[in-house]
Amino acid sequence: MKNSMSRRQFILAAGALAGSAALAGCGESSTSSSSSQGTSSSASSSSSDDSYALVKDGTLTVVAELGFAPFEYMDDKTGDPEGFDVDVINAVAERMGLACEYLPNQKFDTLVPLIKQGGKADVAVAAITITDERLQSVDFSEPYLDSNQAIVALKGSTETEETLNDASKQVVCQGGTTGNDWIQENLPNATRVPVDDVTAALTGVQTGLYSAMVVDLPVAKYMLTNSFSDLDIIEEIATGEQYGIAVSKDNPNLRKAINKALEEMKGDGTMDSIETKWFGSTI
Ligand code: GLN
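Count along the sequence shown from 1, add 13, and you get the number used in the numbering used here.
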């Protein structure tokens, strides 16, 4: 590949840059910009088959909803994104020889449409469950974590799946999530309340505004341990979900390069150490 590609597309040869660029963490800028101006070399591949487009040259641009601890949240002091997913995508970018930058926080239900539309972010990483419906709009990396749902209510609450399935019960969830889908399918009589913010939803359960919340199990566990000690997980729901990194269908080689990085990270213990850092053990 030569430098003749469109400046807008900034095509990079996936394999060629790996290991060559100075690496930078998410939110930081690259310390070296040697030859990253939309260029690539063909050191490891003479074919353009593995090239992919990036919104910003030399950088993996990430979009997320940053209110989903421990997966992604804003550090209180610095305002920088932190969490399991942030560490994962940072390590992925590093292996691809790219810097990694987060766009400002976005609502969860805008993430898949934003990747589908293109031009703003290369990937959405937000504990996004791979679903058939989403696969109609975007592609996903190979799964990087297994997950389930949880029903959260006040400690000592006598609510069950059965008692919640009643119009008098307000069951809150984050809009556009698989928790929302689960309520629709399994508590069809309950009054479902989709909101944007998980912390606001849990606070509403705490104050009695809502009878329960349905949310990803690891998030329920983390939030209850760290901030909502008066709430309880009243039921774990084995949905068998898997999280993936959302990539545009127009960028299949980006997906391939991300999968390669994830595979390396699974093989060399990086994933295990990120899991242990955030969950105390591997999941
Ligand atoms: N895993 C859930 C989903 O994909 C929730 C993700 C989230 O709220 N960030 O819908």
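Every residue gets a Cβ at the ideal spot worked out from N, C-alpha and C, and that includes glycine. Predicted model, so just to flag it, every value in this text is computed and none were measured.
Note that the C-beta distance between P201 and F84 is not below 9 Å. Linking L267 to T173 through their CA atoms gives a straight-line distance of about 44 Å. For I141, the distance from the CB to the nearest heavy atom of the ligand GLN is below 8 Å.
Looking from the CA of K168, the closest CA among T176, D179, S160 and A225 belongs to A225.
The Cβ-Cβ distance between T191 and V136 does not fall below 9 Å.
The Cβ neighbour count for K273, taken over all protein chains shown within 10 Å, is at least 16; the residue is labelled buried. With a cutoff of 9 Å on beta-carbon distance, D63 and A270 are scored as near each other. Of the heavy atoms belonging to the ligand GLN, at least one sits nearer than 8 Å to the Cβ of T144. DSSP, reduced to helix, strand and coil, places L148 within a helical segment of the structure shown. Looking at the DSSP output, A104 bridges to nothing. Shortest gap from the CB of F292 to any heavy atom of the ligand GLN: 8 Å or more. Counting C-beta atoms within 10 angstroms of its own C-beta, E95 has 16 or more neighbours from the protein chains shown and is therefore classed as buried. Rounded to whole angstroms, the separation of the alpha carbons of A106 and G217 is 37 Å. Cα atoms of D243 and T220: separation of roughly 10 Å, rounded to the nearest angstrom.
9 Å or more divides the Cβ of Y256 from the Cβ of I102. Check the Cα spacing between T252 and each of S150, Q149, D152 and D194: the tightest is with D194.
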